[in-house]
Amino acid sequence: MNALIASTQASFLASLPPLPTLAAIMAAVMIAAVLRGFTGFGFALAAVPLMGLLSAPSKAVPIAVLLQLFGGLNDLRRNHGDCHWWSLRWLIAGAVLGSPLGAIAPSIAPAPVARIVVALITPAAIYLLSRGFACEQV
0 MNALIASTQA SFLASLPPLP TLAAIMAAVM IAAVLRGFTG FGFALAAVPL MGLLSAPSKA
60 VPIAVLLQLF GGLNDLRRNH GDCHWWSLRW LIAGAVLGSP LGAIAPSIAP APVARIVVAL
120 ITPAAIYLLS RGFACEQV
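Quick note: the sequence shown uses numbering that gives the first Met the number 0, first residue 0, plus one each step.
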């Protein structure tokens with residue numbers, strides 16, 4: 000049993016990126032978290048491209064999705080009574096269907112292709128938001 004634990008620990012430590020890269024990824028997550036704190040959204044929009052510069056997009060996307068999930072659960076706990084649940088049904092359905100696809104796609108595509116796709120989608124989304132793109136009001 001001790002050998003199994005030791006081999007698991009060694010495998011985990013070997014899979015971690017070098018310390019400077021890990022520190023840069025943590026800084027990218029912090030920057031994205033500050034953005035989300037000020038705007039209420041945009042964590043993954045900032046975190047994935049920044050983390051994708053330092054690691055493979057197939058690792059950056061699932062990490063960003065999980066971190067966003069934990070942040071969203073905290074928001075849900077605090078703002079449960081303020082939610083317009085009727086409107087959220089479509090967002091929840093889209094997230095349930097789209098999140099697995101969004102996490103799997105970067106692992107299927109080669110890393111350079113995934114980086115280019117992220118690099119194209121991110122400025123396009125920022126441009127649309129800056130031009131006032133929004134869904135119809137509830």
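Even for Gly, the Cβ is constructed at its ideal location relative to N, Cα and C. Since we're looking at a predicted model, the values are computed, not measured.
- Bounds of the alpha helix (DSSP H) holding leucine 52 are 42-53.
- Scanning the stretch 55-109 from its first residue to its last, no whole beta strand (DSSP E) run of 3-plus residues comes out.
- Taking a 10 Å sphere around the C-beta of leucine 44, we find 16 or more other C-beta atoms and assign the residue as buried.
- Take the alpha-carbon of proline 105 and the one of alanine 23: they are about 21 Å apart.
- The stretch 50-70 and the stretch 110-120 touch, with no fewer than 3 CB-CB distances between them shorter than 8 Å.
- Distance from the Cα of proline 122 is smallest, within the candidate group Thr7, Met29, Pro17, Pro48, for Pro48.
- The C-beta of valine 117 has 16 or more other C-beta atoms within 10 Å across all chains shown, which makes the residue buried.
- For arginine 130, the three-state secondary structure derived from DSSP is coil.
- When DSSP states are grouped into helix, strand and coil, leucine 15 belongs to the coil group.
- Contact between the stretch 75-94 and the stretch 2-21 is absent, with fewer than three C-beta pairs closer than 8 Å.
- Contact check for alanine 46 against alanine 27 passes: the beta carbons are separated by less than 8 Å.
- For the options Leu53, Gly36, Ile120, Phe40, the alpha carbon positioned closest to that of proline 17 is the one of Leu53.
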